[in-house]
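Note that the working numbering has the sequence shown beginning at 35, numbered continuously upward.
Beta carbons are placed, not taken as given, at the ideal position from N, Cα and C, and that holds for glycine.
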Amino acid sequence: MFNLIVSGRVNDDRRGFIFAERVFGYTSKDLESQFTKGDLIDFDSLMRFPALLMEEGRSNEIARIAWISRVTRKGADFQIDYTIDSDLPKLTNADIEEMQTELDMHDWEFGTNHWAVKDVDLFEILLKRAKLDQPKPSVFQLSAKPIDPKLISFMMPFDGSFNSVYQGIKAVLEADGFTCRRADDMWVHAHVMTDIIELICTSVVVICDLSRKNPNVFYEAGIAHTLGKQVILISQSHDDVPFDLRPIRYLSYLNNGEGIQKLAEEVMARVRSIT
35 MFNLIVSGRV NDDRRGFIFA ERVFGYTSKD LESQFTKGDL IDFDSLMRFP ALLMEEGRSN
95 EIARIAWISR VTRKGADFQI DYTIDSDLPK LTNADIEEMQ TELDMHDWEF GTNHWAVKDV
155 DLFEILLKRA KLDQPKPSVF QLSAKPIDPK LISFMMPFDG SFNSVYQGIK AVLEADGFTC
215 RRADDMWVHA HVMTDIIELI CTSVVVICDL SRKNPNVFYE AGIAHTLGKQ VILISQSHDD
275 VPFDLRPIRY LSYLNNGEGI QKLAEEVMAR VRSIT
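Next comes the structure, spelled out in structure tokens:
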């Protein structure tokens with residue numbers, strides 16, 4: 035998910051303005067509802083996502099990726115304080131236009147001042163378009179194997195009580211032609227983490243069960259997000275979802291037959307929408 039802010043000149047001033055009435059322009063009603071509390075906009079949650087700052091136009095106008103630090107009401111405007119991410123390259127509106135469909139942008143957005151919220155992984159799109167360098171971690175090696183468009187991986191606690199959850203979702207996904215692998219199913223390399231990294235790298239979707247606040251699953255979810263993977267979060271309890279992940283949608287479920295079947299159907303619907 036990311037914030038799209040189209041306004042005046044983009045520079046290093048670290049501050050910009052947007053008409054208050056233009057917030058949530060070109061944003062789906064579902065997302066607008068998600069980030070609205072009564073009559074107030076939940077800026078604290080929105081600030082957890084990167085912001086793509088653009089000028090109006092379709093050619094060589096500068097576009098930058100930034101992180102919003104504060105939003106303040108100033109009369110009819112919102113003042114936006116931000117920090118441009120200097121580690122990420124400058125883009126142009128022409129670059130953005132090439133990715134228009136993937137970024138869920140409408141034609142009119144290139145010529146209209148507004149603040150939109152997009153349910154799209156900005157960094158994944160930039161990586162696919164080779165606008166960013168692939169990260170090179172020092173603790174482990176990324177797999178060079180290609181992504182399997184039908185492989186879905188599961189990151190869950192190594193606990194037998196989760197077998198029924200895995201098998202229930204797996205049955206529905208495999209009936210639709212997908213292949214499912216659980217992290218503890220693999221034993222290819224001597225180091226278990228190497229197997230897990232390879233599984234994440236080669237999967238088209240990564241499903242992470244946050245139930246019981248398992249630190250290994252949290253770590254694996256972080257790796258998957260960093261690599262720009264499509265991640266589906268699931269949990270038996272809202273309290274098990276870390277504070278920093280709560281702005282990201284997740285599927286809650288009951289660990290019984292009916293609950294697992296409902297979860298499997300919801301996961302299937304989500305997989306179809308993102309693959």
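(message) Quick check on this structure: which residue in Asp155, Asp138, Phe196, Leu80 has the alpha carbon closest to the alpha carbon of valine 251?
(response) For the purposes of this step, residue 251 is taken as the residue at position 217 of the sequence shown. Among Asp155, Asp138, Phe196, Leu80, the Cα nearest to that of valine 251 belongs to Phe196.
Discussion item. Just to confirm the assignment, what range does the beta strand (DSSP E) spanning serine 41 have?
Written reply: If you number the sequence shown from 1, residue 41 lands on position 7. Per DSSP, serine 41 belongs to the beta strand (DSSP E) from 36 to 41.
Exercise. Proline 183 by DSSP, collapsed to three states: which one?
Worked result: Within the sequence shown, residue 183 is the residue found at index 149, counting from 1. Three-state result, proline 183: strand.
query = For methionine 190, which option in Tyr200, Leu125, Leu160 has the closest C-alpha, if you only look at C-alpha atoms?
reply = For the purposes of this step, residue 190 is taken as residue 156 along the sequence shown, with counting starting at 1. The residue with the shortest Cα to Cα distance from methionine 190 is Tyr200.
- Message: Within the continuous beta strand (DSSP E) that includes tyrosine 284, where are the two ends?
- Response: As a working note, residue 284 is residue 250 in the sequence shown. Its beta strand (DSSP E) spans residues 284 to 286.
**Study point:** Reduced DSSP category for arginine 280 - H, G, I as helix; E, B as strand; rest coil
**Key:** Locating residue 280 in the sequence shown gives position 246, where the first residue counts as 1. Residue state, collapsed to three classes: coil.
**Asked** Are the region 202 to 220 and the region 256 to 264 touching, with three or more C-beta to C-beta distances below 8 Å?
**Response** The region 202 to 220 is not in contact with the region 256 to 264.
*Between aspartate 153 and leucine 65, is the Cβ-Cβ spacing less than 8 Å?*
Here residue 153 refers to the residue found at position 119 when the sequence shown is read from its first residue. Here residue 65 refers to the residue found at position 31 when the sequence shown is read from its first residue. If you check the CB distance, aspartate 153 and leucine 65 come in under 8 Å.
Report task. Can you give me the Cβ contacts of cysteine 235 inside the same chain, cut-off strictly under 6 Å, excluding the 5 residues immediately before and after it? Result -> The sequence position of residue 235 within the sequence shown is 201, counting from 1. The residues are Leu176, Ser177.
Contact belief for tryptophan 142 with valine 57 at Cβ below 8 Å, rounded distance in angstroms | The count along the sequence shown starts at 1 and reaches residue 142 at position 108. The count along the sequence shown starts at 1 and reaches residue 57 at position 23. With 8 Å as the limit, tryptophan 142 and valine 57 do not qualify as a contact, their Cβ atoms being about 16 Å apart.
- prompt: Alpha carbon to alpha carbon, what distance is there between isoleucine 230 and alanine 224?
  reply: Residue mapping note: residue 224 aligns to position 190 of the sequence shown, counting from 1. Residue mapping note: residue 230 aligns to position 196 of the sequence shown, counting from 1. Bear in mind that the predicted position of alanine 224 carries a pLDDT of just 44, short of 50, making it unreliable; the figure below should be weighed with that in mind. In this structure, the straight-line span from the alpha carbon of alanine 224 to that of isoleucine 230 is close to 12 Å.
- request: Could you spell out where the alpha helix (DSSP H) holding methionine 139 opens and where it closes?
  value: The count along the sequence shown starts at 1 and reaches residue 139 at position 105. Unbroken run through methionine 139: none, as it is neither H nor E.
**Study point:** methionine 35 beta carbon less than 8 Å from that of phenylalanine 83
**Key:** On the sequence shown, residue 83 is found 49 positions in, with the first residue counted as 1. On the sequence shown, residue 35 is found 1 positions in, with the first residue counted as 1. Contact flag set, yes.
Q. Does the beta-carbon of glycine 59 have 16 or more other beta-carbons within 10 angstroms, so that it is buried, or is it exposed?
A. Residue 59 sits at position 25 when you count from the first residue of the sequence shown. Label assigned to glycine 59: buried.
**Asked** DSSP state of alanine 178, grouped into three classes?
**Response** For the purposes of this step, residue 178 is taken as the residue at position 144 of the sequence shown. In the structure shown, the three-state DSSP call for alanine 178 is coil.
### Message
With three or more C-beta pairs closer than 8 Å as the rule, is the region 102 to 116 touching the region 128 to 140?
### Response
The answer is no - the region 102 to 116 does not touch the region 128 to 140, with fewer than three Cβ pairs under 8 Å.
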